[in-house]
């Protein structure tokens, strides 16, 4: 589980001071006017970033009747290479040419994507500090590469239409009758909360990605958020659930109902029921209360349940099924592994005692000494 006291730019969303600038556009014309003049608002910058994230990590969400997932995969790889070359300055490009000629290799696709998204996020943060947007060379270069890729450009045009007028465009999904949801209104987060949000949001994108970026390796994408009481941990996790279109399920260590208990529905079965309907973000709170040296069999059972959830090794042997129970149980266990993203949180007061002793509050995203 990754700790998220972190300060790395990831998928920026609105802060209180720039809420106006990142309000979604009401029409596609407004977007195209900005793209034409090369002076992008934060909303348009965010639109480009969101599209690229989908193209590189979840292309099935962009697939249409005219463009299939395989074509989008190929377009995404070609776009990443070309966009990276455009974003590098001339000196870096020449050096990269020399290194590539000497080694016969180039950065892996995931490395290219990381470099591109890092540059775009940094530029967006720089622009957010300005009173009014200015001509944006980095986003202009990115858009230039996008225009040169026929498949990706056509998909981007459809995506703009979907985000500005959801009724004009239908995204294909497992449910043929599903309609795209209206864009979420970005909630207000403090600067420290945004730092943590950016990092955790990227972990969520990796967890829900159709293709894992490192084949053969199981990435740890369940973050642990540590912060004092009142730091806004619950609000932050609800925001993550909203950003990833997840059902938000908060569970505290003290309220956990173990498998085999007399409760009407144990916690694992509750998670399974939610997962059967779609994505679920399980917010496992009060994790700091799980200490070594448990004194009761109940505490040990809770620990085992939580461990199975984190290890994605949940067994539903105690859950009743009708019909072919073995097959249905196996299918639901697989669905849980695919749909349930766990974000844990806790206080760990000891970590903040020294900072509080200095007479100042400690906030999320702030490193401790």
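Residue numbers (this note's numbering): 397 to 765.
Positions of the beta carbon are idealized from the N, C-alpha and C atoms, including for glycine.
Model, not experiment: these values are computed from the prediction.
Is it right to say residue i is buried, meaning 16 or more other beta carbons lie within 10 angstroms of its own, or is it exposed?
| i | result |
| --- | --- |
| residue 593 | buried |
| residue 462 | exposed |
| residue 475 | buried |
| residue 613 | exposed |
| residue 598 | buried |
| residue 694 | exposed |
| residue 519 | buried |
| residue 670 | buried |
| residue 722 | exposed |
| residue 533 | exposed |
| residue 425 | exposed |
| residue 429 | exposed |
| residue 647 | buried |
| residue 441 | buried |
| residue 527 | exposed |
| residue 661 | exposed |
| residue 600 | buried |
| residue 564 | Caution applies to residue 564, whose pLDDT of 38 falls short of 50 and renders its modelled position unreliable; the model cannot decide the point. |
| residue 388 | Residue 388 lies beyond the range of the chain shown here (397 to 765); nothing can be said about it. |
| residue 681 | buried |
| residue 472 | buried |
| residue 696 | exposed |
| residue 692 | exposed |
| residue 709 | exposed |
| residue 423 | exposed |
In the DSSP output, what is residue i paired with across the bridge?
| i | result |
| --- | --- |
| residue 716 | Partner(s): none; residue 716 has no beta bridge. |
| residue 643 | 676 |
| residue 681 | 648 |
Is the CB-CB distance between residue i and residue j below 8 angstroms?
| i | j | result |
| --- | --- | --- |
| residue 644 | residue 651 | no |
| residue 667 | residue 732 | yes |
| residue 679 | residue 739 | yes |
| residue 604 | residue 640 | yes |
| residue 521 | residue 477 | no |
| residue 699 | residue 712 | no |
| residue 642 | residue 675 | yes |
| residue 511 | residue 480 | yes |
| residue 654 | residue 701 | yes |
| residue 447 | residue 555 | yes |
| residue 438 | residue 523 | yes |
| residue 434 | residue 536 | yes |
| residue 548 | residue 516 | no |
| residue 551 | residue 458 | yes |
| residue 665 | residue 715 | yes |
| residue 620 | residue 649 | no |
| residue 602 | residue 632 | no |
Specify, as a first and last residue, the run of the beta strand (DSSP E) that residue i falls within.
| i | result |
| --- | --- |
| residue 737 | 736-742 |
What residue range does the alpha helix (DSSP H) around residue i cover?
| i | result |
| --- | --- |
| residue 620 | No alpha helix (DSSP H) contains residue 620, which is instead part of the beta strand (DSSP E) from 619-622. |
| residue 686 | That residue, residue 686, is in no alpha helix (DSSP H); it is neither H nor E in DSSP. |
| residue 559 | 546-560 |
| residue 667 | 663-671 |
| residue 349 | The requested residue 349 does not occur in the structure, where the chain is confined to residues 397 to 765. |
| residue 473 | 465-483 |
| residue 532 | Where residue 532 is concerned, there is no enclosing alpha helix (DSSP H), given that its DSSP letter is neither H nor E. |
| residue 698 | 693-706 |
| residue 460 | Per DSSP, residue 460 belongs to no alpha helix (DSSP H) and is neither H nor E. |
| residue 745 | It is not in any alpha helix (DSSP H) - residue 745 carries neither H nor E in the DSSP assignment. |
| residue 653 | Per DSSP, residue 653 belongs to no alpha helix (DSSP H) and is neither H nor E. |
| residue 440 | 438-453 |
| residue 431 | 424-433 |
> Quick check: the stretch 589-604 against the stretch 624-636, are there 3 or more CB pairs under 8 angstroms?
Replying inline: yes
> For the 8 angstroms Cβ check, are there 3 or more pairs between the stretch 527-545 and the stretch 553-560?
Replying inline: Judged by pairs of C-beta atoms under 8 angstroms, the stretch 527-545 does not touch the stretch 553-560, as fewer than three such pairs exist.
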